[in-house]
Amino acid sequence: MILLPLAPVEDGALPGPVLTEIATLYATNHAFFELSGDFPDPGRITVEQVAAALADELAHEGAEVLLARSAGRLVGLAATLAHHPDPASEDPDPWIGLLLIDATAHREGYGRTVVAMVEDRFRAAGRSGVRIAVLDANEKGLAFWESQGYVTLRRAADREAGRPCTVLRKAL
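Just so we're aligned, residue 2 is where the sequence shown starts under this note's numbering, counting upward by one.
Here it is, written out as structure tokens:
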């Protein structure tokens, strides 16, 4: 598996064919998006909506969207932040803002592999830990992160929509 940063083209737009692949990946995860409420109709996620969501992710300083490919196929995506998006925060850790794995390939090890690769990137950058906020309604997500060695730090509301979340951390 390879993990590569999503790179906008000259005018800052995302490449069309890659954007279509990413939209397909998002569409396989309609159950997650029903929980999150990130899209008005999780059963009909459009390329334009995904482009806007990715632009929002990349608008933060130190943000990256990493594409995971296996045998050339897009199997996952991780959005990361080099630091907490609130400049007043004293949180020293980078964050995983989103992990999406093609829902047709869940439970095949891709999520575990992508997380390990993201953690390796942070380790190589000299970081000592990583955090994630998981929606409280996402019980499967919380169980996944705990199985990867993440431990609960606190409960909080997410910054975008005030949804109840559990903040977890893993030492690297």
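Beta carbons: idealized from backbone N, C-alpha and C, even for Gly.
- Is DSSP giving Gly130 helix, strand or coil here? strand
- Message: Can you find the residues in the same chain that come closer than 6 angstroms, C-beta to C-beta, to Leu100, ignoring five residues on each side of it along the sequence?
- Response: Ala79
- Query: Whole-angstrom Cβ separation of Val131 and Leu67, contact assumed at under 8 angstroms?
  - Reply: The Cβ separation is near 13 angstroms, so there is no contact.
- From Thr21 to Arg108, what does the alpha carbon distance come to, in whole angstroms? 24 angstroms
- Query: Buried or exposed: which applies to Ser148, given that a residue is buried once 16 or more other Cβ atoms fall within 10 Å of its Cβ?
  - Reply: exposed
- Arg122 - DSSP class collapsed to helix/strand/coil: helix
- Name, in chain order, the residues that DSSP records as bridge partners for Lys171. Val131
- Item | DSSP three-state assignment for Glu65, whether helix, strand or coil | strand
- Item | Collapsed DSSP secondary structure at Ser37 in the structure displayed | helix
- Query: With DSSP run on the structure shown, which of helix, strand or coil describes Ser148?
  - Reply: helix
- DSSP beta-bridge partners for Ile23? Answer is none; Ile23 lacks a bridge partner.
- Message: Let me see if you follow: with CB-CB separation under 8 angstroms, is Ala32 close to chain B or not?
- Response: Annotation note: the requested chain B is absent from the structure, which comprises a single protein chain.
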